[in-house]
Amino acid sequence: MLIRRGKQNIIPDGETLILQNDVLVLSAITPDEVHGIKLVEKIIEKDSRYNNKLLSEISKKHNEIIIMIQRNGQVIIPNGNVRLTTGDTLVINRAVN
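Each residue of the sequence shown is one higher than the one before, counting from 222 in our numbering.
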């Protein structure tokens, strides 16, 4: 999920308020390119160092945020208490300049 507020792109967290005239980008088959935003997927393999770890236990780069986890056809909105398992697909936003 992404919020477009004027010329600003916001990756919401649990504290983000949706304001009048915000544009919510939820999903797209072929997303438009958004300057400064790059979405990537990472699949957790059985032998991954992230397998069976809580999100709060994983160090992330300063320009990355996990915005969604797909598990067994379900979508999980991530928080630090989510434990990753084999087959999870992480959708990661990497801010680029």
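Note that beta-carbon positions come from the ideal geometry of N, C-alpha and C, so glycine has one too. Just so you know, these numbers come straight off a predicted model, no measurement behind them.
So for E278, helix, strand or coil by DSSP?
Helix at E278.
When the Cα atoms are used, what is the spatial distance from I306 to V296?
Note on identity: in this sequence residue 306 is Thr, with Ile being the wrong assignment. Put simply, the backbone Cα of T306 is about 14 Å away from that of V296.
According to DSSP, residues forming a beta bridge with Q382
Within the shown structure, residues of the chain are numbered from 222 to 318, placing residue 382 beyond reach of any answer.
With DSSP collapsed to three states, give me the class of L260.
The answer is strand: DSSP assigns L260 an E or B state.
Less than 8 Å between the CB atoms is what I'm expecting for L311 and I286, so what's the real figure, rounded?
Distance from L311 to I286 at the Cβ level is roughly 10 Å; contact not present, criterion being Cβ atoms closer than 8 Å.
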